[in-house]
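Residues 51 to 697 in the working numbering are what the sequence shown lists, from first letter to last.
Note that beta-carbon positions come from the ideal geometry of N, C-alpha and C, so glycine has one too.
The structure appears right after this line, and notes come after that.
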Amino acid sequence: MPEFDEHGFYSSYSTEAARAVKYRNHNAGLFQQLRGAAVVNGQVSDLTPKVRAYVEENIDLCHPDRVHICDGSERENGYLIQLMQQQGTIMPLPKYQNCWLARTNPADTARVESKTFICTEERSETIPTPKEGIKGTLGNWMSPKKMDEAIKERFTGCMRGRTMYVVPFSMGPIVSPLSKIGIELTDSPYVVASMRIMTRMGEAVLNKLQETDEFVKCLHSVGVPANGFIEMASWPCDPERTIILHKPKNNEIVSYGSGYGGNSLLGKKCFALRIGSTIAKREGWLAEHMLILGITNPKGEKRYIAAAFPSACGKTNLAMMTPSLPGYKVECVGDDIAWMRFDKNGVLRAINPENGFFGVAPGTSTKSNPIAMSTIFKNTLFTNVASTSDGGVFWEGMEDEIQPGVTVTDWRGQRWTKDSKSPAAHPNSRFCTPASQCPIIDPQWEAPEGVPISAILFGGRRPTGVPLVYEARDWKHGVLIGAAMRSEATAAAEHKGKIIMHDPFAMRPFFGYNFGHYLQHWLSMSNKSSNLPKIFHVNWFRKSSEGKFLWPGFGENARVLDWILKRLDNEDCAEETPIGLVPKRGGINLEGLSEKVDMQQLFGLSKNFWLEEVFAIEKYFKEQVGQDLPEDLVRELSGLKKRVEAM
Ligand code: GTP
Ligand code: SPV
Ligand code: MN
């Protein structure tokens, strides 16, 4: 552990409060002052005028004692790690190399969709107008005035006694013309350490700003709870007043009260998807909740595929898949977000704006995702997983991977055994790990121009009715399939139970603007190319009447990708059905499949099911999208309905 005493304060102080006293005694001579705060790291002169103004404005609002301009260095990270240990936010995991475990406040464990707002002058810019008497579910709107009030009420003085970290970060490789820069101001060292993994963060970004001086403003505070007891808390937060705000007009994000995931790592859902989708609309490209993978077939031909599945529905697993089919190779470009743009030749090019994986831990095992397992045991920040007495981690799915005699402590810090009634790891517990450590990271994953996308997959958790795979008839039909996506609720947000929710394009929690306009934008993409990617729908989660998965999934999903690749080559291995094209008998390679699969049940199409499905989509569009539903989709849906009725 390096020592951080070059200013005579970094070591030996156990709380921020104690350090604050030390700072106050020393800062007069030692530190540059910026609007009453001591600049304890970095140089104000390194900030462009616009960044400096943004920082100053928020010092005036939040009153931090100190400002730390992040350089992204190893030294800085070491200091933050030490600080978080002293504060009790993280503990070391000596079984691995440079790995840490954070346990959050149990009230702060997932994204809070109900407290997430998009702020525009007109409500209709943000969300379609729902049918009278119906509650809109396609995002939450707030007026600019309300937003200002919400900010003032929560942020005034909220960083007193704390350090404001200035985090310059790039979404996408710094040199890529497709990338965008953000500045996150936060009072959470956990957020800084996580942003260092999830984005390109630090000095190089400040340098880049000297050229462009364009950035997305991201203000974050974990907040001050009503009782004011911030110094004692190892995971300070303010769940009661948590709020996540976006103002697309100003490229601005403001997040208060939560330190967790998409609520606080503002480059991810807030920037790369919500603000990103509004920028993409203006600039004519797509910001999507999609993994990107490269797949090479036994002939050595390589294609790239992007896939949108809702949160906790298998993106990370597919992106890192170990194919069960001999001769196939999958390589990973990204596991959560894709920024895609048609180039001048009409090729859809995608970059992964992220630099790390913030992956679901439970279910990840040597059996299900060996690639993830060989990525995450160095330089990784785990959150809300269980720990073991030999200094390691544990979660549901790792039962075969702990040594006998080892005891387990659950995510709340309680002794845990197999007979415990509650899970060892929180269902939304995560690993935050550098993408570059992934053994199958694609050689082109940082290509400034992006990788060429040949196919787009939509999918979700559909226990009944929806076949393993089907292909869209054309782009418009594909847009309908994306718009009609539904999936079982998961633990990644605050939803409870196993209800089937509409989650169009896996973007329902992440639209930065009116979903009807978003659909129009997707439809308009067809003018940009004469060689559009093909669109498919997949469902790894269909169940038998006994409630067992009908398809083994994971590495066996390669068999589905194999069929998709054949379709990209226009091979005659598909047949028409009312819902789209499905594999012909024998079209899916089942040779050497690990278990016997009932293909009849897996691909069965029931007229009744699909009539109900069409009815549900129709109802959803009418109630939620109304006038904003593009004509093209009205026609597509009525086409589907006619075909299903004729089944
Ligand atoms: P976010 O990070 O929340 O966006 O989630 P994600 O889409 O990346 O989901 P992830 O790959 O982490 O998978 C979530 C859960 O789905 C894990 O528990 C996996 O074990 C499970 N899962 C993934 N792929 C499959 C599959 O092919 N079959 C089955 N049965 N389960 C799967
Ligand atoms: C998701 O929920 O889709 C995630 C996790 O990837 S979070 O970053 O918390 O949004
Ligand atoms: Mn996600």
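Between the CA atoms of T483 and R592 - distance to the nearest angstrom: Cα-Cα distance, rounded: 31 Å.
Limits of the alpha helix (DSSP H) - the one that E203 falls within: Here the alpha helix (DSSP H) through E203 covers P194 to F205.
Under the three-state DSSP convention, the category T438 falls into: Three-state result, T438: strand.
Within the segment 227-279, ranges of the beta strand (DSSP E) (whole runs, at least 3 residues): Runs found: 230-236 and 266-271.
Which residues DSSP lists as bridging Y520, in chain order: For Y520, which the question treats as bridged, DSSP gives the partners H587.
Neighbour-count burial assignment, L130, 16 or more Cβ in a 10 Å radius: Counting the other Cβ atoms within 10 Å of the Cβ of L130 gives 16 or more, which makes it buried.
V71 classed as buried or exposed, judged by whether at least 16 other C-beta atoms fall within 10 angstroms: With a pLDDT of only 47 at V71, under the threshold of 50, the placement of this residue in the model should not be trusted; the figure read from the coordinates follows. Flag for V71 reads exposed.
For Y306, the three-state DSSP class (helix, strand or coil): Strand.
Closer than 7 Å: P412 CB and nearest ligand 1 heavy atom: At least one heavy atom of ligand 1 sits closer than 7 Å to the Cβ of P412.
Simplified DSSP assignment, three categories, for C320: If DSSP states are grouped into helix, strand and coil, C320 belongs with the helices.
Cβ neighbour criterion (16 or more within 10 Å) applied to T159: By the C-beta density criterion, T159 is buried, having at least 16 other C-beta atoms within 10 angstroms.
Helix, strand or coil at H567 [DSSP, three-state]: The answer is helix: DSSP assigns H567 an H, G or I state.
Near ligand 2: G311 beta-carbon under 7 Å from a heavy atom: In this structure, ligand 2 has a non-hydrogen atom nearer than 7 Å to the beta-carbon of G311.
Helix, strand or coil at Y354 according to DSSP, with G and I counted as helix: Under the three-state reduction of DSSP, Y354 is assigned to strand.
Entirely enclosed beta strand (DSSP E) segments - the segment 618-673, minimum 3 residues: You should have 624-627 and 630-633.
L518 vs V588 beta-carbon contact at 8 Å: When the beta-carbon positions are compared, L518 and V588 come within less than 8 Å of each other.
For F561, the three-state DSSP class (helix, strand or coil): Coil.
Closest by C-alpha distance to S439, when choosing among G186, C268 and T467: Closest option to S439, Cα to Cα, is T467.
Beta-carbon gap between G232 and L133 smaller than 8 Å: No, they are not a contact pair.
Buried versus exposed, by CB contacts within 10 Å (16 or more), A157: That one is exposed.
CA nearest to the CA of V380, picked from E199, L431 and L368: Of the listed residues, the one whose Cα sits closest to V380 is L368.
Closest by C-alpha distance to R250, when choosing among L269, S226 and T346: A check of alpha carbon separations from R250 across L269, S226 and T346 identifies S226 as the nearest.
Heavy atom of ligand 1 within 7 Å of G603 beta-carbon: Checking the Cβ of G603 against ligand 1 gives yes.
Span of the alpha helix (DSSP H), counted from its first residue to its last, around K526: For K526, the enclosing alpha helix (DSSP H) begins and ends at W525 to A533.
Cβ neighbours of P239 in the same chain (closer than 6 Å, five flanking residues each side left out): Excluding residues within five positions, the ones whose Cβ falls inside 6 Å are L130, L133 and M134.
Neighbourhood of G515 by C-beta, 6 Å cutoff - its chain only, sequence neighbours within 5 removed: The residues are F659.
Ligand 2 heavy atom lying under 7 Å from the CB of R703: Outside the modelled stretch of the chain, which goes from 51 to 697, sits residue 703, for which no answer is possible.
Nonlocal neighbours in the same chain, by C-beta distance under 7 Å from K428, ignoring five residues either side: Within the same chain, K428 has close Cβ partners Y146, Q147, N148, C149 and Q487.
Cα-Cα separation between A608 and M371, rounded to whole angstroms: Their Cα atoms are separated by approximately 8 Å.
Contacting residues, own chain, Cβ-Cβ under 7 Å from E606 (five flanking each side not counted): Setting aside the 5 residues that flank it on each side, E606 is surrounded in the same chain by S374, L643 and S644, each with a C-beta closer than 7 Å to its C-beta; the list follows chain order.
Terminal residues of the beta strand (DSSP E) in which Q409 lies: Note that residue 409 is Gly in the sequence shown, not Gln. Residues G406 to V410.
Coil, strand or helix - H147 by DSSP: Residue identity differs from the one stated: residue 147 is Gln in this sequence, not His. Residue state, collapsed to three classes: strand.
Separation of L188 from F671, as counted between CA atoms: Straight across, the Cα-Cα distance linking F671 with L188 is about 11 Å.
C382, DSSP secondary structure in three states: In the three-state reduction of the DSSP assignment, C382 falls in the strand class, which pools E and B.
Short Cβ contact (8 Å threshold) for D386 with K352: Between D386 and K352, the gap from beta carbon to beta carbon reaches 8 Å or more.
Residue span of the beta strand (DSSP E) that contains A505, given as start and end: Residues V501 to G509.
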